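Per the working numbering, the very first residue in the sequence shown carries number 0; after that it's consecutive.
Don't be surprised by glycine CBs; every beta carbon is placed ideally from N, CA and C.
In this text, all values refer to a predicted model and were calculated from it rather than measured experimentally.
The structure appears right after this line, and notes come after that.
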Amino acid sequence: MHQYIRQFAEYVDKTVTAKGWVANMRDSKTNIFIVLRDGTGFAQAVVSLDVVGEEQFEIAKRLTQESAVALKGKVVADERQIGGYELQVESLEVYHVSEEYPISNKEHGVRFLADKRHLWLRSKRQWAIMQVRNAIIIAIHDFFQSKGFIQMDSPIFTGNAVEGTTTLFGTDFFGETAYLAQSGQLYGEAMAMAHGAIYTFGPTFRAEKSDTPRHLAEFWMIEPEMAFYDLDMNMDLIEEFVKSVVRQVVDRCRPQLEMLDRDVDKLMKIDQEFVRLSYDDAIAILKGEKEINGRNAITIQEEDLASAKKAIEEKTAEIAEREAAIKGGVKKGVRKFNETRILQLRKEIANHEEQLRNIPKWIESARNFVHGEDFGNSDETVLTKVFDAPVFVYNWPAPIKAFYMKEVEGDPNYVKGVDLLAPDGHGEIVGGSERENSLAILERKIKEHDLPMEAFEWYLDLRRFGSVPHAGFGLGLERLVRWICDIHHLRETIPFPRRYGRLFP
Ligand code: 4AD
Ligand code: MG
């Protein structure tokens, strides 16, 4: 039996056998320092010549990055070390000496890393993200199970277009055309009429030909559906749900979030009431016509633009200073330090330059937003910058939302849809609505949306036999991982992303 790094706290000053891979290694004449990773954590292991003897020391010396080993030794508490413990190796066993590993500690392009996704998953950052993803999944089940919701599995082959016909993946289903499910919602509605409150948790598919940081072709969605719920109750549940998941994940994954440099205090701003804006109000804020607590969406962008300009000037000056400082003969360490810093500054400048290119376009788009349109990515960014917690936008123009959303009483131009937008430019993480429960209106909507009535006959039965007010929502798991970890691109939020242009590995 061997021990996991996660358990080291229970083995201080005791001997353990740890099995894992060499994440990193450096050696001197008498000591070899190995950063071992075993899937449960990372720990430094020291192989000393005078402890293990010459033969084992030579074996250790020939190890390479990603070699697989068993290290037997004593666990000592050392808070300067990653994880807080160090393993003082007494003997080692080698499972495999790795070939030269393609992913080194130097910078790699994202394309290269995406091609090597099967290996990239081992790196510290990717490891931390997947650990958080797991904690999120557990927190989601905990929340719904504790509320007595029934988990249901909805079909993946379907005959129905739920979220419009433009993003369907068609497949051949014994000679019939079947689509990969864009959503399990319609089946969830049927199941809610049998169980009261249910949730799906499964893969969904959208043929999104857009290469954006927010879109995958295959993603995981959680779709609760509740009988006898209206739009307000739906929003209450979404808010309680999101808060509960974030709190539990922060509780369980603080070390991983710290590895990701996630500002946890900022994340914990969820500890306040989420603002609920109607679509019309949201537009007024987006255009800078309406302020929230003295904060103006357009002014915030202008300020960001100005500070990006200033940062570029300051950082350019610092680069010049540092370049001048290392021009003459300086110590190797000093040169290295300055060069690293210059590289970092160049990267930051590139980011600021991107802001300089983007922000004017965002302002332009926000100012000229046309009532009745859907928010673009930049509009969501501009709007959410006004808030430090997620915000709801409800009562949307009917033409841009799905056929099943309930019309606002007395104003059929609007439907009772709701999106939850995450702060810091993360944008939509939840989309939901109260559902249309009138058979006549639903039939009209299916026609208006140019959908095949016969494919929806079974769904219309739900309005023929005991139709009740009901509501639900869909949360994109990867969007939630992205926001909680505060990472830029969805490609890092799922083990093997499927997106436009990416089917391998
Ligand atoms: O807003 P959407 O399209 O809503 C539905 O599918 C409804 N049937 C949900 C419901 O009411 N039961 O998608 C819901 C969520 C979005 O808010 C977003 O988080 C995520 O799914 N999502 C995507 N995530 C990754 N890649 C994509 N292409 C996504 N499209 C939607
Ligand atoms: Mg949506």
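- Here Tyr100 has Gln64 and Glu65 as same chain residues with Cβ atoms under 6 Å from its own Cβ, once five neighbours each way along the sequence are excluded.
- Proximity of the stretch 459-474 to the stretch 183-201 meets the contact definition, three or more beta-carbon pairs being nearer than 8 Å.
- Looking at the backbone, the Cα of Val161 and that of Ile33 are separated by about 52 Å.
- Annotated as distal: Val93 and Val15, with beta-carbon spacing of 9 Å or more.
- In the displayed model, Leu355 falls within a helix according to three-state DSSP.
- Rounded to whole angstroms, the separation of the alpha carbons of Arg490 and Trp119 is 12 Å.
- In the assembly as shown, Asp303 is a buried residue. Its beta-carbon has 16 or more other beta-carbons within 10 Å.
- A distance below 8 Å between beta-carbons, with the five flanking residues on each side excluded, links Arg345 to the following residues of its chain, in chain order: Ile318.
- Residue environment analysis places Pro422 among the buried positions, since at least 16 neighbouring C-beta atoms fall within 10 angstroms of its C-beta.
- With a cut-off of 8 Å, the C-beta of Glu427 is classified as near ligand 1, since at least one heavy atom of the ligand falls inside that distance.
- Take Val46, set aside five residues on each side of it, and the residues of its chain with a beta-carbon closer than 6 Å to its own are Ile31, Ala59 and Val88, in chain order.
- Gly426 sits away from Gly416, with the two beta carbons spaced by 9 Å or more.
- Its chain contains His140, Phe143, Gln144, Ile197, Tyr198, Thr199 and Phe200 as the residues whose beta carbon lies nearer than 8 Å to that of Gln150, once the 5 sequence neighbours on both sides are disregarded; these appear in chain order.
- For Met0, the secondary structure class from DSSP, reduced to helix, strand or coil, is coil.
- Fully contained in the stretch 135-169 are the following beta strand (DSSP E) runs of length 3 or more, in chain order: 149-151.
- DSSP places Thr315 in the helix class (H, G or I) of the three-state scheme.
- Per the coordinates, the alpha-carbon of Leu438 lies some 28 Å from the alpha-carbon of Asp279.
- Among the bridge pairs identified by DSSP, Val34 is matched with Asn23 and Gln43.
- In terms of CA proximity to Ala307, Pro359 leads the group Pro359, Glu372 and Arg261.
- Here the C-alpha atom of Asn367 lies approximately 15 Å from the C-alpha atom of Thr298.
- Within the stretch 380-446, the beta strand (DSSP E) runs of at least 3 residues that lie entirely inside it are, in chain order, 390-396, 410-421 and 426-433.
- Following the DSSP letters along the chain, one finds Ile197 in no alpha helix (DSSP H) but inside the beta strand (DSSP E) bounded by residues Ala196 to Phe204.
- The residue from Gly471, Leu441, Ala470 and Pro494 with its alpha-carbon nearest to that of Val480 is Pro494.
- By DSSP's assignment, Gln87 forms a beta bridge with Val45 and Lys73.
- Asn233 is not a Cβ neighbour of Ala388, given a cutoff of 9 Å.
- As computed with DSSP, Phe218 is found in a beta bridge with Thr203.
- For ligand 2, a non-hydrogen atom lies closer than 8 Å to the CB of Asp418.
- Contact check for Ile348 against Lys400 fails: the beta carbons are separated by 9 Å or more.
- Fewer than three Cβ pairs drawn from the stretch 495-504 and the stretch 240-255 lie within less than 8 Å of each other, which leaves the two stretches out of contact.
- Residue pairing by DSSP places His487 in no beta bridge whatsoever.
- DSSP, reduced to helix, strand and coil, places Ser364 within a helical segment of the structure shown.
- Less than 9 Å separates the beta-carbon of Leu266 from that of Leu256.
- With 16 or more other Cβ atoms inside 10 Å of its own Cβ, Pro496 counts as buried.
- DSSP lists Arg498 as the bridge partner or partners of Arg501.
- With respect to Glu222, Gly473 sits close: the two C-beta atoms are nearer than 9 Å.
- Annotated as proximal: Lys286 and Ala365, with beta-carbon spacing under 9 Å.
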